[in-house]
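Enquirer:
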Amino acid sequence: MITKEKISVIGIFAAAMLCLSACNNQNQEKMNADKNELTQIFPKGEKGSKDLFTGNAYNTGLVDADSVFTTAVGNVYFEPGARSNWHSHPAGQILIITDGVGYHQIEGRPVEIIKKGYVIKCPPNVRHWHGASADVGLQQLYIVPNTEKGIVNWNEAVIDKVYKSAE
Ligand code: MN
C-alpha cells in the first residue's frame with residue numbers, strides 16, 4: 001500500500017537523485033574542460049585529405065544540395081593545431097561554431113579568434129582559412145548556399161608563420 005509518507009520519501013529520493021545527476025553533469029563538464037574535450041553533436045566523420053588540411057580535421061556531410069535546397073551543410077571537427085588550406089567559396093559560406101576555440105582569417109586581414117556561439121559570414125570568392133587554436137579544438141557547422149555556383153576552390157596550405165600570427 002502506498003501511503004502519503006511513502007510518496008514523500010519517494011519525492012525526496014527523486015529530488016536527491018536529480019541533484020546527484022546535476023552535480024555529476026557539472027563535474028563531467030569540468031573534466032571535459034580540463035581535457036579540452038569538445039561536445040560532439042554530429043558523427044566525427046571522415047578525416048580530411050592532407051592535400052587540403054594541415055593536421056587532423058574530420059568532415060561529416062549533414063545536408064547534400066539537391067534541386068529543392070541548393071545548399072550544402074556539414075560539420076567539421078578540427079583537432080588542436082589543425083586548419084584548412086587557403087580556399088574560397090564561389091557563393092560564400094556561413095560558419096556556426098558549436099564548440100571550442102579557433103581562428104578564421106580573410107586574406108589581407110588579421111586573424112580573428114572564433115569561439116562557441118560565433119557565426120561568421122565568408123563572402124563569395126574571398127580567400128580565407130579556418131581551423132582550431134593550437135591548444136583547443138574547434139567544432140564548426142558550415143552552410144554553403146547557392147551550390148549551383150560551386151562549393152569550394154582549394155589553394156595552398158596555411159604556413160606556420162601565418163597560423164602562429166594568431167597567437
Ligand atoms: Mn571556408
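Under the numbering used here, the first residue of the sequence shown carries the number 1, and numbering increases by one thereafter. For every residue, glycine included, the Cβ atom is placed at its ideal position computed from N, Cα and C. Since this is a predicted model, take the numbers as computed values, not measurements.
May I have the straight-line CA-CA distance separating K50 from S67, to the nearest angstrom?
Expert: Counted from its first residue, the sequence shown places residue 50 at position 50. Counted from its first residue, the sequence shown places residue 67 at position 67. Rounded to whole angstroms, K50 to S67 spans 32 Å at the Cα level.
Enquirer: Between which two residues does the beta strand (DSSP E) holding D160 run?
Expert: In the sequence shown, counting from the first residue as 1, residue 160 sits at position 160. No beta strand (DSSP E) contains D160, which is instead part of the alpha helix (DSSP H) from D160 to K164.
Enquirer: Kindly list the residues whose CB is nearer than 8 Å to the CB of T70, restricted to its own chain and excluding five residues on each side of it in sequence; keep chain order.
Expert: Within the sequence shown, residue 70 is the residue found at index 70, counting from 1. Cβ neighbours of T70 beyond the five flanking positions: P145, N146, T147 and E148.
Enquirer: For ligand 1, is there a heavy atom less than 7 Å away from the beta-carbon of Q140?
Expert: What you label residue 140 is simply residue 140 of the sequence shown in a count that begins at 1. It does not: the Cβ of Q140 is nowhere closer than 7 Å to a heavy atom of ligand 1.
Enquirer: If you follow the beta strand (DSSP E) that Q93 is part of, which residue opens it and which one closes it?
Expert: On the sequence shown, position 93 is the one that residue 93 refers to. Q93 to I106 is the span of the beta strand (DSSP E), which, as asked, contains Q93.
Enquirer: Rounded to the nearest angstrom, what separates A65 and I151 at their Cα positions?
Expert: Mapped onto the sequence shown, residue 65 falls at position 65. Mapped onto the sequence shown, residue 151 falls at position 151. About 10 Å.
Enquirer: Would you mind stating whether Y163 and R83 have Cβ atoms separated by less than 8 Å?
Expert: As a first step, residue 163 must be located in the sequence shown, where it is residue number 163. As a first step, residue 83 must be located in the sequence shown, where it is residue number 83. A contact, by the Cβ cut-off of 8 Å.
Enquirer: Residues around ligand 1, please: the condition is that the C-beta lies closer than 6 Å to some non-hydrogen atom of it.
Expert: The answer, residue by residue, is H87, H89, Q93, C122, H128 and H130.
Enquirer: On a Cα-Cα basis, can you pick out the residue from R127, N75 and N155 that is closest to K47?
Expert: As a first step, residue 47 is located in the sequence shown; it is residue number 47 there, counting from the start. Looking at the Cα atoms, N75 is the closest of the given residues.
Enquirer: Beta-carbon within less than 6 Å of I96's beta-carbon, same chain only, minus the 5 sequence neighbours each way: which residues are those?
Expert: Locating residue 96 in the sequence shown gives position 96, where the first residue counts as 1. Closer than 6 Å at the Cβ level, and outside the excluded window around I96, lie V119 and L141.
Enquirer: Kindly indicate which three-state DSSP category K172 falls into: helix, strand or coil?
Expert: Residue 172 is absent from the structure shown; the chain starts at 1 and stops at 167.
Enquirer: To the nearest angstrom, how far is it from the Cα of E79 to the Cα of F42?
Expert: Looking up residue 79 in the sequence shown gives position 79. Looking up residue 42 in the sequence shown gives position 42. Computed Cα separation, rounded: 15 Å.
Enquirer: Just list the residues that DSSP pairs I143 with in beta bridges.
Expert: As a first step, residue 143 is located in the sequence shown; it is residue number 143 there, counting from the start. Partner(s): V73 and I94.
Enquirer: Does the Cβ of T60 have 16 or more other Cβ atoms within 10 Å, making it buried, or fewer, making it exposed?
Expert: Residue numbering aside, residue 60 sits at position 60 when the sequence shown is read from its first letter. Exposed, since its Cβ has fewer than 16 Cβ neighbours within 10 Å.
Enquirer: What residue range does the beta strand (DSSP E) around I151 cover?
Expert: Here residue 151 corresponds to residue number 151 of the sequence shown, with the count starting at 1. Neither: I151 is in no beta strand (DSSP E) and is coded neither H nor E.
Enquirer: Does the Cβ-Cβ distance between G55 and G81 come in under 8 Å?
Expert: Within the sequence shown, numbered from 1, the residue matching residue 55 stands at position 55. Within the sequence shown, numbered from 1, the residue matching residue 81 stands at position 81. Yes, these two residues count as a Cβ contact at 8 Å.
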